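Number of protein chains: 2
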Amino acid sequence: MSLLIDYANNTLTPPEPIPSLMQGPRFSPFSGELLSAPSLEPWLNQVPLREGQKTARARQMIYRAGEILDGVPVICDGWAARVCRLSNGRRQILSFILAGDLVSTNAVFAGHLRFFVEAITAVRYSYYGRADLGQRLAAQPAVVRALLSACLAEKEEIDRLATDLGRRRADERVARLFLNLRERLDVRGLVRDQSFAIPLRQQHIADATGLTPEYVNRVIGAFRHDGLIEIDRGTLKIVNLIQLQRVADAA
Amino acid sequence: MSLLIDYANNTLTPPEPIPSLMQGPRFSPFSGELLSAPSLEPWLNQVPLREGQKTARARQMIYRAGEILDGVPVICDGWAARVCRLSNGRRQILSFILAGDLVSTNAVFAGHLRFFVEAITAVRYSYYGRADLGQRLAAQPAVVRALLSACLAEKEEIDRLATDLGRRRADERVARLFLNLRERLDVRGLVRDQSFAIPLRQQHIADATGLTPEYVNRVIGAFRHDGLIEIDRGTLKIVNLIQLQRVADAA
DNA sequence: CGGCGGATTGAGTGCTCTCAACAGGAGTGG
DNA sequence: CCACTCCTGTTGAGAGCACTCAATCCGCCG
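Each protein sequence line maps, in turn, to chains P and B.
Residue numbering for the first sequence follows my numbering, starting at 1 and increasing by one per position.
Residue numbering for the second sequence follows my numbering, starting at 1001 and increasing by one per position.
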């Protein structure tokens, strides 16, 4: 809903300016202390969004790989996904994008992206103008750090995904996806009593975990049978968190 | 050998300063034109490396996930790998690091990394001091852009890896790895007559492609049998590039 | 009611893994 | 120079995880 939400810190208040330890002769976002906790959204909130939000229906493509991008897209409401498509119709979901998320920090710096962005639910989205963003970046050095930090966090997230896809079994991958989503939604206050709304079709889960929908179904069935989770009309409840984490194998 | 090598552009000459289109009231690396071709090394070359190179023997760990990192490590000679390790001894190689490569742009901004760095061959490596790097970054805004650009390129590379691991079969993955390495080495002038030195054990290839060494062996055997490649004492020759690309399925 | 998208289930297949054995090569110590 | 060991590559047999194809079921919506 509100772009004020900070998914990295467990707080909704705008952060204090980071005390600078800069020693260089002039502004440098790098010579000071190292980046720590990423917290991008509170700063982005000070940047005006372009007039006029766009909307997309579920399953609609919001952005196609390679298209010119003259703004930085943000998902305002709903779920979307970064998707890599290849011949044969095979698809890999690289990340889920929740309300308030930049589609990718790459869009801030690059004029086009290498992946597709697809609406999962109905989605409202908008753009930051690059000029507006640039002004804000110039005016507030801390934003640069926040942006970089977000970028690094994205990289680490993909590293984790690659490891999961390369070296984990199906049940581990699905469990980790559920736990990952729970964590992201929890920060936004969208988890109540270990249950949360999850608008994903099993096809989405399959594309995110590198499996087939049928097999995802069997894995979920096993989880349900073992009392780890319950799923009912788009709501996922984690019944046995400990056991699910054990399946996910925290490593 | 030389850190002047630019693996992104097919040129060994230091780039011209990028003409700035900045319009902001003061320095901003972002309000100008968008990032285009990444070319980090020529600038890094102007930054002094710390005194005293370190060396590591093959198979030795250079950096352990989580360790404090007070400099930015660079591989000067040899091959290394970014490795994610998890319980059960499973390993995933996230990328290969060649001579002249930063281990990861993350190291410029973060005090510790989430992955291991492991020597594949004997390796000479060193560090950029963060203070030195920071000074250079402050003095030359273009370096910031180059650094960002390299960071984005790394992200895209991992996106590709994740897609391969999630949605491609064994033979496609191995073929793509070979073609990827060929491309990187070609830029450095290390490919002659479609053959190049490849110091990887089949275990490394397995860890990079999410397979087992035995199965990698079978895939390579099939490639050899089909006349796609030849391997002899650490040298890989791509005999039938077209066909290998077809297996890799450019998508 | 009919149709559609999605979930579920079954049967069979096969890609990839596991386990095991063996061969060759490089280094090492005697 | 030889014996030995370690590492790596190679190959075989068998198992199993995940896929393919297909049918059915269910909830929702027009």
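Virtual Cβ for every residue (Gly too), placed ideally from N, Cα, C.
All values reported here derive from a predicted model rather than from experimental measurement.
Sequence-distant residues of its chain with Cβ nearer than 6 Å to I1198 (chain B) (five each side left out): L1236
Counterpart residues of A1072 (chain B) in DSSP-defined beta bridges: Checking the displayed sequence, the identity of residue 1072 (chain B) turns out to be Val instead of Ala. Note: V1072 (chain B) sits in a beta bridge opposite B:Y1128.
Test: Q140 (chain P) CB closer than 8 Å to a CB of chain B: no
Opening and closing residue of the alpha helix (DSSP H) in which E1157 (chain B) lies: 1141 to 1167
CB contact check: N1045 (chain B) to chain P, cutoff 8 Å: no
DSSP three-state assignment for R1172 (chain B), whether helix, strand or coil: Looking at the sequence itself, residue 1172 (chain B) is Glu, so the reference to Arg does not match. If DSSP states are grouped into helix, strand and coil, E1172 (chain B) belongs with the helices.
Cβ pair V1239 (chain B), G1227 (chain B) closer than 8 Å: yes
Backbone CA spacing between G52 (chain P) and S126 (chain P) [nearest angstrom]: 7 Å
8 Å Cβ cut-off: residues of chain P touching L1165 (chain B): A162, L165, G166, G210
Neighbouring residues, chain P, relative to N1106 (chain B) (Cβ below 8 Å): Around N1106 (chain B), the beta-carbon contacts reaching into chain P at under 8 Å are L152, K155, E156.
Inter-residue spacing [alpha-carbon to alpha-carbon] between A131 (chain P) and F1178 (chain B): 41 Å
S1095 (chain B) - partner residues in DSSP beta bridges: Per DSSP, B:R1082.
Reference Q1135 (chain B), options B:V1108, B:R1169, B:I1097, B:E1214, closest by Cα: B:V1108
Amino acids of chain B, ordered along the chain, whose beta-carbon sits closer than 7 Å to that of L148 (chain P): F1109
Neighbouring residues, chain B, relative to S114 (chain P) (Cβ below 9 Å): Going by the sequence as given, residue 114 (chain P) is Arg instead of Ser. Within chain B, the residues near R114 (chain P) are E1156, D1159, R1160.
Cut-off 7 Å between Cβ atoms - residues of its own chain near R1114 (chain B), not counting five sequence neighbours on either side: A1065
Between the CA atoms of R1167 (chain B) and R91 (chain P) - distance to the nearest angstrom: 7 Å
Supposed close pair K1155 (chain B), E67 (chain P) - CB separation, criterion 8 Å: Rounded, the Cβ-Cβ distance is 18 Å, inconsistent with contact.
Any chain B beta carbon closer than 8 Å to D249 (chain P): yes
Under 7 Å from the C-beta of L1094 (chain B): neighbouring residues of chain P: D159, A162
Helix, strand or coil at E118 (chain P) [DSSP, three-state]: Three-state DSSP puts E118 (chain P) in a strand.
Sufficient close CB pairs (3 or more, under 8 Å) joining the stretch 140 to 152 of chain P to the stretch 181 to 195 of chain P: no
Span separating the alpha-carbon of A1208 (chain B) from that of I1093 (chain B): 5 Å
Contact set between R1090 (chain B) and chain P, taken where Cβ atoms lie within less than 7 Å: Within chain P, the residues R167 have their CB atoms less than 7 Å from the CB of R1090 (chain B), given in chain order.
Cβ-based contacts, 9 Å cut-off: residues of the stretch 1236 to 1248 of chain B near chain P: none
Rounded straight-line distance, which links the Cα of L211 (chain P) to that of V1174 (chain B): Rounded to the nearest whole angstrom, the C-alpha separation of V1174 (chain B) and L211 (chain P) is 20 Å.
Given A1099 (chain B) as reference, the closest of B:T1105, B:C1084, B:R1082, B:R1124 once Cα atoms are compared: B:R1124
Cβ-based burial, N1088 (chain B) [other Cβ within 10 Å; buried from 16]: exposed
Cβ neighbours of V1047 (chain B) in the same chain (closer than 7 Å, five flanking residues each side left out): Y1128, D1132, L1133, R1136
Neighbour list for C84 (chain P) in chain B, Cβ cutoff strictly below 7 Å: D1159, T1163
Cβ-based burial, D164 (chain P) [other Cβ within 10 Å; buried from 16]: buried
D1193 (chain B) burial status per 10 Å Cβ neighbour count (16 or more: buried): Exposed.
Buried or exposed by the 16-neighbour rule on C-beta atoms within 10 Å, applied to I1242 (chain B): exposed
Three-state class that DSSP yields for T1212 (chain B) in the structure shown: coil
S87 (chain P) in three-state terms, based on DSSP: helix
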